[in-house]
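Here is the structure we will look at, set down as structure tokens.
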């Protein structure tokens, strides 16, 4: 009976591992965002990225990132990452 019910702990299944990074919501550019342009709710959103596009920063960081200028351009549909705001790798 216990084997059928499990232990109640949610774990990532091996078949889900390849999709995990892109199926969670993250900050994505709604259109091309140029370097120097400010990140706003009009040019970014919390969305799930497609498997072939890079995901962005975690949703918890979006409010902190809003109003900050990007140091590098982010194409439409791509994730906005912290390094796009702060520089670095």
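Numbering (this note's numbering), first residue to last: 3 to 91.
Positions of the beta carbon are idealized from the N, C-alpha and C atoms, including for glycine.
Residue i classed as buried or exposed, judged by whether at least 16 other C-beta atoms fall within 10 angstroms
i: residue 69; result: exposed
i: residue 44; result: exposed
i: residue 58; result: buried
i: residue 76; result: buried
i: residue 88; result: exposed
i: residue 67; result: buried
Inter-residue Cα distance where the pair is residue i and residue j
i: residue 82; j: residue 36; result: 12 Å
i: residue 6; j: residue 62; result: 35 Å
i: residue 74; j: residue 56; result: 15 Å
i: residue 60; j: residue 52; result: 16 Å
Opposing strand residues paired with residue i [DSSP bridges]
i: residue 48; result: 29
i: residue 11; result: Residue 11 pairs with nothing; no bridge assigned.
Contact belief for residue i with residue j at Cβ below 8 Å, rounded distance in angstroms
i: residue 31; j: residue 80; result: 6 Å
i: residue 27; j: residue 50; result: 6 Å
From the options, residue whose alpha carbon lies closest to that of residue i
i: residue 85; options: 29, 33, 49 and 10; result: 29
i: residue 42; options: 60, 16 and 72; result: 72
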